[in-house]
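Here my numbering is used: the first residue of the sequence shown is -19, the next is one more, and so on. Where is the CB? At the ideal position from N, CA and C, for every residue including glycine.
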Amino acid sequence: MANQWFEGLEGLEGFEALEGGAGLVTIAAGIGAMLLAPVIAPILGQAGKPVVKRAIREGILFYERGKETLAEMGDAWEDIVAEARYEASQVQQERVTEPDSGPHAIAVED
């Protein structure tokens, strides 16, 4: 009889998982969870509240530490860039002030 039910579903996407009865167990478990959810949810909600609060608190602390670390890294990066720019300007200034090493007129005495 189950095979007749599956024959009507041929060609429909997503129903391949129901073949062999494994899908029926999943459906039954889902229905059971729906029926028990109103009873279990308040119990888990009260018991889980401290866990959720702690997870949120840890997330906030992690975020704050991350912000501090990124700010420190940004400061260090800015320092490195400033030093590199200063050194580049010094090198460029040295090139401008160096005497021209091109051809020179040499006085020749006879």
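- C-alpha of D55 to C-alpha of R37: approximately 27 Å in a straight line.
- In the structure shown, V32 adopts helical secondary structure according to DSSP, grouped into three states.
- CA-CA distance, I11 to A17, rounds to 10 Å.
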